[in-house]
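Accompanying notes for the structure given below.
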Amino acid sequence: MSDNYVLKIYNQFSKMPFGQWLFSRYAARRAPYFKTIKPLVTHIAENHCEVLIKKRKAVTNHIGTVHVIAICNGLEMAMGFMAEASVPKHLRWIPKGMTVDYTAKAETDITCRVKISPELWQPGDMLVPVEAVDQHGKVVVKGTITLWITEKAAKP
């Protein structure tokens, strides 16, 4: 399916001591706004990614829960790495929008995850379901990120 470098790099880092942490720091440097949540990419595979956000003061709101914008940042990161690890060679993607519902208070560390069916990779709007769960498995945010999928231009 995909032949890009994301899975290869993740798998190489994962073999090292502290590999997930090193990969996460490397990844967050490529898109600096991700550094604000200090993400830990805990899993990447084709059509699946999980990113951990530790509950700490810098990502909490006035009531002491993990702020939903920090969670949205984690969801976007998980979706982006899933897409980079999965997009078929002849397609490209760009995010088009995000809708989320806050379903519960985010009172613990949060895992942002995305898992899709490979059949979704078709030109047009692709609706990617995303969710964030607390340490007890309770969904605290669920939503959809819309991607615009197009064919790559043929090379002359």
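In terms of this note's numbering, the sequence shown opens at residue 1 and continues consecutively.
We put the CB at the ideal spot given by N, CA and C, even for glycine.
C-alpha gap between residue i and residue j, whole angstroms
i    : j    : result
G124 : H43  : 27 Å
W93  : W121 : 10 Å
S117 : V59  : 31 Å
Y33  : K55  : 17 Å
K138 : W21  : 25 Å
K96  : E151 : 16 Å
L91  : I145 : 17 Å
Where residue i falls, given that 16 or more other Cβ within 10 Å makes a residue buried
i    : result
R29  : exposed
E50  : buried
I63  : exposed
H136 : exposed
M1   : The predicted model places M1 with a pLDDT of 44, which falls under 50 and marks its position as unreliable; any figure quoted below should be read in that light. M1 should be labelled exposed.
T99  : exposed
Beta-ladder partner(s) of residue i, from DSSP
i    : result
Y102 : V141
L91  : E151
D125 : W148
Which of helix, strand or coil DSSP assigns to residue i
i    : result
R56  : coil
E119 : helix
A45  : strand
A132 : strand
K35  : helix
E84  : helix
Supposed close pair residue i, residue j - CB separation, criterion 8 Å
i   : j   : result
V41 : M82 : No, V41 and M82 are not in contact; Cβ-Cβ is about 11 Å, not under 8 Å.
Y10 : F18 : Contact doesn't hold; Cβ gap of about 14 Å is too wide.
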